[in-house]
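**Student:** Here you go, one structure.
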Amino acid sequence: MSHWSESTQERAREIIDLYPQKRSAVMPLLYLAMAEEGHLTETGMEEVARWCEITPAQVLSVASFYTMYKRERTGKYLISCCTSISCMLLGGDEVMHAVEDESGVPHGETDEEGLLSVEHAECIGACGGAPAVQVNYELIEGVTPDKARDLVTWLKKARPVVVNTDEMQELFGGRRSFDWAIPETDGAIGPFPAFQPLGTVESEGGE
Amino acid sequence: MGVLAEFLKGLAVTGKTMIRTIFGDGLVTTQYPKEKRQKPQRFHGRHVLNRYPDGMEKCIGCELCAGVCPAKCIYVRGEDNDPDNPTSPGERYGYVYEINMLRCIFCGLCVEACPTEAITMTTLFEFSTTSRNDAIYTRETLLMDEKGNVPHMFPEDPLIEPKELLTADGWVRATAPAGMAAYEGVQMWQRTAGPADWSPEPSQDEIDATTGKSEDGDG
Amino acid sequence: MTSGQPEFVTITIDGREHQVLSGEMLITAAEDSGTYIPRFCWHPRMTPVGMCRVCIVEVDTGRGPALIPACMNPVSDGMVVATQSDVTKKAQEAVLEFLLANHPLDCPVCDKGGECPLQDQALSHGPGESRFVEIKRNYEKPIPISDLVLLDRERCILCDRCTRFSREISGDPLIEFFDRGNKTQVNTFPDHPFASYFSGNTVQLCPVGALTAGPYRFRARPWDLLKVVSSSLFDTAHPRIEVHASQNEIVRYTGVDNDATNHGWLSDKARFGFEYIHSEDRLGAPLVRRKGVYEATDWAEAIDVAADRLGLIRDESGGDALAVIGGAHGTNEDAYALSKFARVALGTNNVDCRLGDSLSSHFLAGTVDRATIGQLDDADTILVWGPDLKEEHPTLYLRVRRAAQELGAELVVVHPRATGLDDVAFRKLTYRPGEGFDLVQALDDGRYPDVIEALDADNVVALIGIASHADGPHVAEAVAALVRARRGRSDLLPLNSRANTYGALDMGLAPDLLPGRVGVSQEGVGRLRDHWGEVPSVPGRDTAGILEGLISGEIRGLLLVGADPVRDFPIPALAEEALEAAEWVVAIDLFITDSTRHAEVILPAETFTEKEGTVTNVEGRVQKLNNIRPGPGQTRPDWAMLDDLAHRIGAPLGLSSAEAISKEISTVAPAYVGVSWDLLEWEARDGVVVPLEGESQLAHIPVAVATDGKRENGLSLHVARTMYDDGVRLRHSPSLSRLALGPVVLVNPLDATALDAVPGDSLRLVTVSGEGRFEMVVDEGTPAGTVYVPFNQPGATALGIDSAVEAEVADA
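Read top to bottom, the protein sequences are chains F, W and P.
Letter 6 of the first sequence, counting from 1, is numbered 5 in numbering that gives the first Met the number 0, and no numbers are missing.
Letter 59 of the second sequence, counting from 1, is numbered 58 in numbering that gives the first Met the number 0, and no numbers are missing.
Letter 319 of the third sequence, counting from 1, is numbered 318 in numbering that gives the first Met the number 0, and no numbers are missing.
Below, the structure written as structure tokens:
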């Protein structure tokens, strides 16, 4: 008696089969639940609990630990500004304030339209190119407060279907940590590449 | 002969004292109850249950007074506060509060133990009763009303001085008010019910200024 | 367990050398050697987690002193521990200062204040003052996380005790840490309350006042409690408890850690089942019915009225026209008095403490190879074929769960539907109610080779009872025979509900038993004759037989002792008719119940916490109950009333006090030789397993007797007890009575679809002996083809013991 679509259920079965114990599949299934409904709802977590044969409380315990499991509705573009130490030292807080000011959305919230969500993030592994900002987990390095304002304005006006790190780096980025070799055309949160066994990812993104 | 002299000698002491007490200043007898002596400031008299200035009861029903009482004369039972209409701040209030005044030895340990200064003592000591039941003071007899008036069991009695009940609150204060910076300059505790009539706690700077301590000295 | 001698290592604690067991955690080793190391998260019955860090001490294992948590590190040879050094003290003070940084100091309003480990250890090991002046964590003050437990997250110090208990011990992790990080909190999932049968244990475990119990909330403070150790009668294992009373009122029970039975854990029923004691409906005076109305009277008159008629019936129609039902809820002493009263004063063997839903008296009382609860820990295989232990035998449930989960026993569970043990079972077999015998045969024929292989292990413990009302006692005997026939050593634990059934049977409250596990027609009777005089030697009628006798008029008078057959007998209509037809009913009870309202005289009894005595649990362990308060009004212990009744009938029993009765038992009852109150109070506080020496004379060996396999095509009815039902004591305990399920029927989704019913629909169920309407609950734990109706729920009608049932959606 699942609330999920047939394809999601099929996918859930596949994921569970990868693990010796059902409960081990809780994290990929949470992503699945998030993909199904846009964010993690109580029904979504109960569903995951049923699949993994653990209690909903245990699922929520996992889900509430990781910030990338969104338990509230998130906008089309999620802007994460890093405020950990390297970025903080190089002006990450100012970038964060600029984003908040320009978008009118404070940390952890979403605008009424459902377009932008703003959050400050802990280290996103781009210390070399600090301060760094992510849009839908697509990285931009070397962002200044002014560039950040431009980024928000651009997102509001252009409303790209897929945000792409290379494109945004070109438009709003500055100093990079290193030269990124492989261009990602589909974006990092394409259909769950991280949870497929190595070497089985299809070139044109899943399904 | 000798006997009479001894007798007169003794009588002379009586006579001298008599004359001194009638005409002189050696009078030690107070004409109680017409006259009353000034009682010591920390005289241990009957108890009073206090309220906060906003009318909330101070008693939270913690039973520490009952626990510490050496005469085991206090009986307290707590009850859940109605969240919408609380009797006292917090979750619990003293639902039953009884002191058996016949057993009480007026040691004041209950006042010491009370974490909220809910129970204090007045200097009132005249409360003889004609039945043992009346000597058990209940919540009704102990608790001041919302204007700060404390009920007395025999308000008509000419012997008692109901005024004294009003000086009940807050004379024992072992610790600093809150120890929080936010309360600096805020009037916290008061001597009697109603608007507070004493100055707020001074700030640490003011205390340092008056005691002559400087900041760099470490104590 | 590994064999061989325990190994010892030498460690130095604060300059003194100690020999301690190798492998022990440092915190235990230190405590056993007399040094207390502070702790919050560590608990001897749970795995160490090292959450609270307050047990860090300076330890030198040869590489220089270092601070390590004592609860996480096993001792090693040559370890040098400094629990009083400056470094240790500074570290512990710092940890306590951190723990107190967010802990609100509302001790005066906190239920734990006065018995709080955080308070105590802040005083003994804390810094004395805090440098924390910032604002503390703020949460909504207590939120009810279940019907019985409240949670105050401000007070929580995140020790993981409650969450660990629910994860490891009770196996229902419904509370967990959320938002882990700097805002960690313990909570339940929204709309999934902490509905565990063992939730009360977390209240006792909590080292602060974060978890408090609804029934105890603000009822008393620790320093005005009187305490006495006793054993709970809400559980057949008789878990050891401490009874806490304030102003003559029982305010709570707490579990006492005890290796033999409960390890300190209690089910919520055993923990919170005290409210009935103070119920306003308790009888405080003897009642005599006059012109159809009960009138309170005095003891002399009530005894006169009750005894005169009983005596008259005995003189007119003989002892066989009299019968006794009940006695399973009292002490052994009361049961003995009742047994003696029935045999000596009434002259009858029509005595039964079971209510038609039990194993045979010989199986329950006389199993030769009876297992002890402790044997579960060493078992290779555990077979549970009977009631859902979680519902009916919570202490055994926890012990079996531990054995299967932690100690490596292979668990086989057989039950008509899902049970609480399924998730730790190595094999779960489900059968349709009424077809248990077929499954026994299938096993015997080798249909389930893995189960048979498990049963062939060296050390097998089998917990056998009646799983469903449709299964007769024969199925259980067949199971027992099957287990005994296997290769290895097998021990049986026959299961039965009602707390002191085992004690009552040992005192002879069965038609074919006499005190001390002796059959009525056996040799041992001679010994009894010295004390009892002539006793009838032909087995009497059991409860079903008594009820039939009452209907047919062969039995005229009935004594009901704490029994409520109208609610508790599997076919209540029969009980109702019998009590209606009875000429003279005398009842000894706490309340006016559906059964006792048929009585002409009701005598008010004392209950648990009001009387002293011994009880015998499921493994035959005799423990002592202690009293702490007087009974209300004119209540008296059962034995005293029975003695008076017997006097009036003209056959004095010669009983003078409960302790004197206990001495008489140890002389008369062979299995109880050597059991005395002195022994139980001083030498064996955890009780002794009887018989202390020798074998039981009954020596019952179960034999498989073929029963007719019932093959029904339609739905099968599974009726079994739940933890919370409409029992007399629970009905008068407001906190627990509202937890009963009510008139519900649990149906598999497939059957629900077949019946064209949706959850919440009213289903009409019809069996041979009854019909009723039940609210349908869809439940995947109930297999298709079976419908499950919890027995004796408030507002429910009983459906009898037949497995065939017709179901249809009732019109609204």
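The C-beta atom is built at its ideal place from N, Cα and C for all residues, glycine as well.
Let me know the secondary structure DSSP gives residue 107 (chain P) once reduced to three states.
**Tutor:** Here residue 107 (chain P) refers to the residue found at position 108 of the third sequence. Residue state, collapsed to three classes: helix.
**Student:** What are the boundary residues of the alpha helix (DSSP H) that residue 774 (chain P) is part of?
**Tutor:** Along the third sequence, one-based indexing puts residue 774 (chain P) at 775. Per DSSP, residue 774 (chain P) belongs to no alpha helix (DSSP H); it is in the beta strand (DSSP E), 770-777.
**Student:** Leaving out the 5 sequence neighbours to the left and right, which residues in its chain are closer than 7 Å to residue 442 (chain P) when beta-carbon positions are compared?
**Tutor:** Here residue 442 (chain P) refers to the residue found at position 443 of the third sequence. For residue 442 (chain P), where only same-chain residues beyond five positions count, the Cβ hits under 7 Å are 450, 451, 481.
**Student:** Nearest to residue 59 (chain F) by alpha carbon, out of F:41, F:73, F:146?
**Tutor:** For this step, residue 59 (chain F) is matched to residue 60 along the first sequence. Of the candidates F:41, F:73, F:146, the one whose C-alpha sits nearest the C-alpha of residue 59 (chain F) is F:41.
**Student:** For residue 518 (chain P), write down the residues that DSSP places opposite it in a beta bridge.
**Tutor:** In the third sequence, counting from the first residue as 1, residue 518 (chain P) sits at position 519. DSSP output for residue 518 (chain P) lists P:512 as bridge partner(s).
**Student:** Using a C-beta cutoff of 7 Å, does residue 116 (chain F) count as contacting chain P?
**Tutor:** Here residue 116 (chain F) refers to the residue found at position 117 when the first sequence is read from its first residue. It does not: the Cβ of residue 116 (chain F) has no partner Cβ on chain P nearer than 7 Å.
**Student:** Whole angstroms are fine: how far does the CA of residue 43 (chain P) sit from the CA of residue 71 (chain P)?
**Tutor:** Residue 71 (chain P) sits at position 72 when you count from the first residue of the third sequence. Residue 43 (chain P) sits at position 44 when you count from the first residue of the third sequence. Cα to Cα, the separation comes out at about 12 Å.
**Student:** Does the contact criterion of 3 or more C-beta pairs under 8 Å hold for the region 308-325 of chain P versus the region 476-492 of chain P?
**Tutor:** no
**Student:** Does the distance from the C-beta atom of residue 815 (chain P) to that of residue 197 (chain P) stay below 7 Å?
**Tutor:** Lying outside 0 to 811, the shown extent of chain P, residue 815 (chain P) is not represented and no answer is given.
**Student:** Using a Cβ-Cβ cut-off of 8 Å (strictly less than) and excluding sequence neighbours within five positions of residue 784 (chain P), which residues of its own chain qualify?
**Tutor:** For the purposes of this step, residue 784 (chain P) is taken as residue 785 along the third sequence, with counting starting at 1. Beyond the five residues adjoining it in sequence on each side, residue 784 (chain P) comes within less than 8 Å, by CB distance, of 431, 714, 715, 747, 750 in the same chain, given in chain order.
**Student:** Give the single residue among P:777, P:770, P:766, P:793 whose Cα lies nearest to the Cα of residue 875 (chain P).
**Tutor:** Any answer about residue 875 (chain P) is impossible in this case: the structure gives chain P only from 0 up to 811.
**Student:** On the premise that residue 219 (chain P) lies in contact with residue 618 (chain P), defined as a C-beta separation below 8 Å, what is that separation, rounded to the nearest angstrom?
**Tutor:** Residue mapping note: residue 618 (chain P) aligns to position 619 of the third sequence, counting from 1. Residue mapping note: residue 219 (chain P) aligns to position 220 of the third sequence, counting from 1. Beta-carbon to beta-carbon, residue 618 (chain P) and residue 219 (chain P) are separated by about 34 Å, too far to satisfy the 8 Å threshold.
**Student:** If you draw a straight line from the C-alpha of residue 825 (chain P) to the C-alpha of residue 347 (chain P), how long is it?
**Tutor:** The requested residue 825 (chain P) is not part of the displayed model; chain P covers only 0 to 811.
**Student:** List the residues of chain B whose Cβ lies closer than 7 Å to the Cβ of residue 628 (chain P), in chain order.
**Tutor:** The structure shown contains no chain B; its protein chains are F, W and P.
**Student:** Compile a chain-ordered list of the residues in the region 131-159 of chain P whose CB is closer than 8 Å to at least one CB of chain W.
**Tutor:** 132, 140, 141
**Student:** Nearest by alpha-carbon distance to residue 241 (chain P): which of P:695, P:627, P:787 is it?
**Tutor:** As a position in the third sequence, residue 241 (chain P) is number 242, starting the count at 1. Measuring from the Cα of residue 241 (chain P), the nearest candidate turns out to be P:627.
**Student:** I want to know whether the region 752-764 of chain P touches the region 599-619 of chain P - three or more CB-CB distances under 8 Å.
**Tutor:** no
**Student:** From which residue to which residue does the beta strand (DSSP E) around residue 560 (chain P) run?
**Tutor:** Here residue 560 (chain P) refers to the residue found at position 561 of the third sequence. Residues 556-560.
**Student:** Roughly how many whole angstroms lie between the Cα atoms of residue 176 (chain W) and residue 181 (chain P)?
**Tutor:** Taking the first residue of the second sequence as position 1, residue 176 (chain W) is located at position 177. Taking the first residue of the third sequence as position 1, residue 181 (chain P) is located at position 182. At residue 176 (chain W), the pLDDT of 41 sits below 50, so the modelled position is not reliable and the matter cannot be decided from this model.
**Student:** For a cutoff of 7 Å on Cβ pairs, would you count residue 173 (chain W) as touching chain P?
**Tutor:** Within the second sequence, numbered from 1, the residue matching residue 173 (chain W) stands at position 174. Note on residue 173 (chain W): pLDDT 31, under 50, position unreliable in the model; the coordinate value appears next. Judged by the 7 Å Cβ criterion, residue 173 (chain W) is not in contact with chain P.
**Student:** Between residue 90 (chain W) and chain P, is there a C-beta pair that is closer than 7 Å?
**Tutor:** Start at 1 with the first residue of the second sequence, and residue 90 (chain W) comes out as number 91. Yes, its Cβ sits closer than 7 Å to a Cβ of chain P.
**Student:** Does the beta-carbon of residue 4 (chain P) have 16 or more other beta-carbons within 10 angstroms, so that it is buried, or is it exposed?
**Tutor:** Stepping through the third sequence from its first residue, residue 4 (chain P) is reached at position 5. By the 10 Å Cβ count, residue 4 (chain P) comes out exposed.
**Student:** Along the region 72-87 of chain W, what residues have a CB closer than 7 Å to any CB found in chain P?
**Tutor:** 77, 78, 79
**Student:** Use the C-beta contact count for residue 510 (chain P): other C-beta atoms within 10 angstroms, 16 or more gives buried, fewer gives exposed.
**Tutor:** If you number the third sequence from 1, residue 510 (chain P) lands on position 511. Residue 510 (chain P) is buried by the Cβ-count criterion.
**Student:** Please classify residue 597 (chain P): does DSSP put it in a helix, a strand, or coil?
**Tutor:** As a position in the third sequence, residue 597 (chain P) is number 598, starting the count at 1. Looking at residue 597 (chain P) - three-state DSSP - the assignment turns out to be helix.
**Student:** Taking CB distances under 7 Å as the criterion, tell me whether residue 222 (chain P) reaches chain W.
**Tutor:** Here residue 222 (chain P) corresponds to residue number 223 of the third sequence, with the count starting at 1. Judged by the 7 Å Cβ criterion, residue 222 (chain P) is in contact with chain W.
**Student:** Skipping 5 residues on each side, what residues in its chain have a beta carbon closer than 6 Å to that of residue 275 (chain P)?
**Tutor:** Here residue 275 (chain P) refers to the residue found at position 276 when the third sequence is read from its first residue. Only 728, 731, 732 meet the Cβ criterion.
**Student:** Just the C-alpha distance for residue 192 (chain W) and residue 28 (chain W), rounded to the nearest angstrom, thanks.
**Tutor:** Taking the first residue of the second sequence as 1, we reach residue 192 (chain W) at position 193. Taking the first residue of the second sequence as 1, we reach residue 28 (chain W) at position 29. Low per-residue confidence applies at residue 192 (chain W): pLDDT is 43, beneath 50, and the placement is therefore not dependable, though the value from the model is reported in the following sentence. Taking the CA atoms as reference points, residue 192 (chain W) sits about 35 Å from residue 28 (chain W).
**Student:** So residue 197 (chain P) contacts chain F; which residues on that side make the cut at Cβ distance below 9 Å?
**Tutor:** Stepping through the third sequence from its first residue, residue 197 (chain P) is reached at position 198. None at all; the shortest Cβ gap to chain F is about 15 Å.
**Student:** Quick one: which unbroken alpha helix (DSSP H) runs of 4-plus residues sit fully inside the region 367-395 of chain P? Chain order, please.
**Tutor:** 388-391
**Student:** Measure the beta-carbon distance from residue 382 (chain P) to residue 461 (chain P) and round it to whole angstroms, keeping in mind my assumption that it falls under 8 Å.
**Tutor:** For the purposes of this step, residue 382 (chain P) is taken as residue 383 along the third sequence, with counting starting at 1. For the purposes of this step, residue 461 (chain P) is taken as residue 462 along the third sequence, with counting starting at 1. That pair is a contact at about 4 Å.
**Student:** Using DSSP bridges, identify the partner residues of residue 58 (chain P).
**Tutor:** By 1-based counting over the third sequence, the position of residue 58 (chain P) is 59. The partner list for residue 58 (chain P) (beta bridge, DSSP) reads P:65, P:80.
**Student:** When DSSP labels each residue in this structure, what does residue 322 (chain P) get in the three-state scheme?
**Tutor:** Reading the third sequence from its first residue, position 323 is the one you call residue 322 (chain P). DSSP places residue 322 (chain P) in strand when its eight states are reduced to three.
**Student:** Which value, in whole angstroms, describes the spacing of the CA atoms of residue 87 (chain W) and residue 62 (chain W)?
**Tutor:** Stepping through the second sequence from its first residue, residue 87 (chain W) is reached at position 88. Stepping through the second sequence from its first residue, residue 62 (chain W) is reached at position 63. Answer to the nearest angstrom: the Cα atoms are 15 Å apart.
**Student:** Nearest CA to the CA of residue 378 (chain P): which residue from P:361, P:409, P:582, P:351?
**Tutor:** By one-based count along the third sequence, residue 378 (chain P) stands at place 379. When only C-alpha atoms are compared, the closest one is P:409.
**Student:** For residue 338 (chain P) and residue 528 (chain P), what's the separation of their Cα atoms in angstroms?
**Tutor:** Within the third sequence, numbered from 1, the residue matching residue 338 (chain P) stands at position 339. Within the third sequence, numbered from 1, the residue matching residue 528 (chain P) stands at position 529. For residue 338 (chain P) and residue 528 (chain P), the distance between alpha carbons rounds to 14 Å.
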